[in-house]
Amino acid sequence: MKKIALIVLILALAGAGGWYAYSDAKTPTAQYRFVKVETGDLESIVSSTGTLNAVSMVQVGTQVSGTISKIFVDFNQKVHEGDLIALIDTTFLAASVRDSDSNYERARSQLDHAAREQCRIKILFDKKMASASDYEQAQYTLDQSKTGLKSAQAALDRARINLRYASIYAPIDGTVISRPVDAGQTVAASFSAPTLFLIANDLRQMQILANVDEGDIGQIKEDLKVRFTVQTHPGRTFQGQVSQVRLQPSTIQNVVNYTVVVSVTNEDGLLLPGMTTTVDFLIERAQDVLKVPNAALRFRPTPEMMAEFRKQMERQGSEGGLAWGQGREGAPGDSTRSANRAEGGGEQREGNRGEGGGGEQGGNNRGGGGGGGGFRGGEGGNRSRDSSRLWCLDENGKLKVIRVRTGLTDGQMTEIKTKELTAGQEVISGLLTTDAPKAATGLFPGTAPAAPPGGGGGGRRGGGSPF
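Following my numbering, the numbering of the sequence shown begins with 3 at its first residue and continues without gaps.
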């Protein structure tokens, strides 16, 4: 009989050990990925692309037709206003001047003759030796001769001007960027003058024409600081400043953009017209602030972790003489308790407790009921956009939640505002276990997950998070 009892005991112990080993294998040990809280600077930027251009670029053309006889400048050559840069053959233009000059002399001679004739007829008319018709004809001829002389003078002036137009001068101080013609080429002046040279004004001062999306244009103001890079000089950053936000939009494939003009200093001459730039508009800057990687703000414990966390909170509440959720506020500085308890019938504390009630679901814009079962009132659809939470381990290796307020973010790091964390402390950013269960959707079953920094939430209890 003793033998049978011993065998039964051994089998029972073996079965219990096997069940324990099996259940222990089914429950993975959580291994956390940690990141450190840092101190540093953060910048909020709007990124865009643009093209470098000279502040002023003048197309130099010709107003007369002819063959280019000489070109005095070449690409990249600096010129000053008034410098002779090209000459068009003047053979026909000079002949036109001589012809117009001859016509002018002829018209002047005709005027002199008409004046003498009119004077002679007038004397005869006064002596009644010439008819009134003869006098009127002489006066008419004189007037016609005066008009003819003026016309000949205008034609002569026009011919002389065209001759001067054969000499092409630089209209501004600058650098020759383009020269699409060569000596011997024939140019024809018509309704649109042909371009002979493209001269850029002082390249020490340039501008970027950046295209900014309509969703970001409201943040761009004049005098805003700008940082940009060019592919030609990788690793080097240049500075600029917004000088103009143009109101005329441009729409390409239903995308609305606005042109922003950025003034740039180019004293060393490294920047050239036409370069493509990647532009960062510095919207806001925070210096020497606490910051954490965004992954830490996105971390959510698994359902198993949350179940253990709830038990831990219940034990802490029992040790204090009250059941968890029955309304005792956590001690000052105990972020875990203050983040997880609600007064069943009290008013809100720090804007995170609802008034006591039956625990009904809140709408998108109203807080849910506090509830007698420890359900804390939600903050509704209008919860603060800069409220979030971080998770870490306490001195006993247990999960601990810390309520923080978020500030500036650069897309990778986010500023946090809290008195419970200092630089160098570690917070949880993820799990290292490969077989970890799917993350929980909230502290309690059926609740919505908390939004990342800057977001609100929907769901039960007015869409707010329990933290």
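Note that CB positions come from ideal geometry on N, CA and C, so glycine has one too.
If you compare the alpha carbons of Phe36, Met415 and Thr424 with that of Glu45, the shortest gap goes to Met415. For the beta strand (DSSP E) assignment, the uninterrupted runs of no fewer than 3 residues enclosed by the region 237-286 are, from N- to C-terminal side, 240-254 and 257-267.
In chain order, Tyr106 place their CB closer than 7 Å to the CB of Gln155, counting only its own chain and leaving out the 5 sequence neighbours on each side.
When Ile70, Gln289, Ala288 and Lys400 are compared, the shortest CA-CA separation from Ile170 is found for Ile70. As computed with DSSP, Gly176 is found in a beta bridge with Val81. A Cβ-Cβ separation of about 23 Å leaves Ile73 out of contact with Ala97 under the 8 Å criterion.
Counted as a single uninterrupted DSSP element, the stretch harbouring Gly150 is not any beta strand (DSSP E) but the alpha helix (DSSP H) occupying residues Ala134 to Tyr167. Nearest Cα to His235 within the set Ala190, Thr279, Asp101 and Lys293: Thr279. The Cβ atoms of Asp43 and Arg407 lie no closer than 8 Å to each other.
Nearest to Gln61 by alpha-carbon distance, out of Met315, Asn256, Ile174 and Gly399, is Ile174. Counting the other Cβ atoms within 10 Å of the Cβ of Tyr142 gives fewer than 16, which makes it exposed.
In the three-state DSSP reduction, Thr93 falls in the helix class (H, G or I). Taking one beta carbon from each stretch, the region 185-195 and the region 255-274 have fewer than 3 pairs nearer than 8 Å; the two do not touch. For Arg302, no beta strand (DSSP E) encloses it, and the DSSP letter there is neither H nor E. Between Glu83 and Ala425, the CB-CB gap reaches or exceeds 8 Å. Beta-carbon to beta-carbon, Leu211 and Thr261 are separated by about 6 Å, close enough to satisfy the 8 Å threshold. Under the three-state reduction of DSSP output, Leu205 falls in the coil class, being neither helix nor strand. Taking C-beta separations shorter than 6 Å and ignoring five residues to either side along the sequence, the partners of Asp85 in its chain run Ala172, following chain order. Inclusion of Leu226 and Leu165 in the CB contact set at 8 Å is not warranted, their separation being larger than that value. Of all alpha-carbon atoms in Ile418, Leu205 and Ala168, the one lying nearest the alpha-carbon of Val189 is that of Ala168. For the pair of segments examined, the region 266-276 was found to touch the region 50-68: the number of CB pairs separated by less than 8 Å reaches three.
Between Ser180 and Leu200, the C-beta spacing is below 8 Å. For Leu144, same chain residues with a beta-carbon under 8 Å away, outside a window of 5 residues either side, are Leu113, Ala116, Ala117, Glu119 and Gln120 in chain order. Between the alpha carbons of Trp393 and Gln318 lies a distance of about 18 Å.
Within the same chain, Arg407 come within 7 Å of Ser389 by CB-CB distance, once the 5 residues on both sides are set aside. Rounded to whole angstroms, the separation of the alpha carbons of Asp282 and Ile47 is 6 Å. Less than 8 Å divides the Cβ of Tyr137 from the Cβ of Lys124. Between the C-alpha atoms of Met307 and Gly432 there is a straight-line separation of about 13 Å. Rounded to the nearest angstrom, the gap between the Cα atoms of Arg391 and Thr420 is 10 Å.
In the displayed model, Lys124 falls within a helix according to three-state DSSP.
Setting aside the 5 residues that flank it on each side, Glu224 is surrounded in the same chain by Val244, each with a C-beta closer than 6 Å to its C-beta; the list follows chain order. Going by DSSP, Met59 is part of the beta strand (DSSP E) stretching over Met59 to Gly63. In the three-state reduction of the DSSP assignment, Val99 falls in the helix class, which pools H, G and I. Pro295 is bridged by DSSP to Met415. By the CB criterion at 8 Å, Leu292 and Glu422 fall outside the cutoff. For Thr231, the beta-bridge partners assigned by DSSP are Thr280.
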